[in-house]
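S.K.: Residue 153 is where the sequence shown ends in UniProt numbering, and the numbering goes up by one at each step.
Just so you know, even glycine gets a beta-carbon here, dropped at the ideal spot from N, CA and C.
Only a predicted model underlies this, so the values are computations on that prediction, with no experimental measurement involved.
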Amino acid sequence: MSQMDGRRRNPYELTEETPVYVISVAAQLSGLHPQTLRQYDRLGLVSPDRTAGRGRRYSARDIELLRQVQALSQDEGINLAGIKRIIELENQVAALQARVAEMEDALDGAAAAMRQREAAVHASYRRDLVPYQEVQQTSALVVWRPKRQQQSD
Numbered sequence: 001m002s003q004m005d006g007r008r009r010n011p012y013e014l015t016e017e018t019p020v021y022v023i024s025v026a027a028q029l030s031g032l033h034p035q036t037l038r039q040y041d042r043l044g045l046v047s048p049d050r051t052a053g054r055g056r057r058y059s060a061r062d063i064e065l066l067r068q069v070q071a072l073s074q075d076e077g078i079n080l081a082g083i084k085r086i087i088e089l090e091n092q093v094a095a096l097q098a099r100v101a102e103m104e105d106a107l108d109g110a111a112a113a114m115r116q117r118e119a120a121v122h123a124s125y126r127r128d129l130v131p132y133q134e135v136q137q138t139s140a141l142v143v144w145r146p147k148r149q150q151q152s153d
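#1: Report buried or exposed for residue 139, applying the criterion of at least 16 other Cβ atoms within 10 angstroms of its Cβ.
#2: Starting from residue 176, follow its DSSP beta bridges and name the residues at the other end.
#3: Is residue 48 buried or exposed, if buried means 16 or more other CB atoms sit within 10 Å of its CB?
#4: How far does the alpha helix (DSSP H) with residue 109 in it reach, from first residue to last?
#5: What do you get for residue 2, buried or exposed, if any count of 16 or more other CB atoms within 10 angstroms of its CB means buried?
#6: Tell me, to the nearest whole angstrom, how far the beta carbon of residue 66 is from that of residue 26; I am working on the premise that it is less than 8 Å.
#7: Could you pull the start and end residues of the alpha helix (DSSP H) that residue 139 belongs to?
#8: For residue 12, does the count of other Cβ atoms within 10 angstroms reach 16, so buried, or fall short, so exposed?
#9: Where does residue 12 sit, in a helix, a strand or coil, going by DSSP?
#10: Taking only the alpha-carbon atoms, compute the straight-line gap between residue 17 and residue 63 and give it to the nearest angstrom.
Printed below as a string of structure tokens:
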């Protein structure tokens with residue numbers, strides 16, 4: 001079973017990543033020919049999960065990716081090698097954004113722990129001590145004279 005956010009997920013719950021569509025349904029949903037889907041799989045553009053018998057199973061996310069590949073190819077005129085590179089870079093960006101979010105969470109946790117430690121230190125200060133305040137300088141002149149010793153006879 002996979003875990004998501006520390007909770008166990010229902011194994012029968014369908015998500016956008018659940019591989020449920022056979023190639024003919026995926027082709028129909030994406031508007032592409034099944035042979036095109038096979039070619040995209042061979043090129044590594046859209047790689048669906050496989051069943052034990054090696055049959056392809058596409059997820060809703062795979063269908064959306066197929067549509068994006070088609071749009072980049074047909075509408076933007078980008079070749080398949082360029083599309084593959086775009087997909088790789090988008091995956092890298094998503095992974096880096098997830099890592100940044102993890103690091104921000106860790107930083108927030110460390111900052112909160114530091115504030116707690118700082119508060120504990122301040123709470124441990126002795127309350128009978130008075131903070132020293134610097135004396136302001138004046139222009140007064142103080143003259144010191146030693147006491148004269150009395151002579152004894």
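M.R.: In this structure, then:
#1: Per the 10 Å Cβ criterion, exposed.
#2: The structure shown does not extend to residue 176, since the chain is modelled only from 1 to 153, so the question has no answer here.
#3: Burial call: buried.
#4: Element bounds for residue 109: 80-123.
#5: Only weak support is given to the placement of residue 2: the predicted model assigns it a pLDDT of 44, under 50, and the question is left unresolved by the model.
#6: 7 Å
#7: That residue, residue 139, is in no alpha helix (DSSP H); it is neither H nor E in DSSP.
#8: exposed
#9: coil
#10: 10 Å
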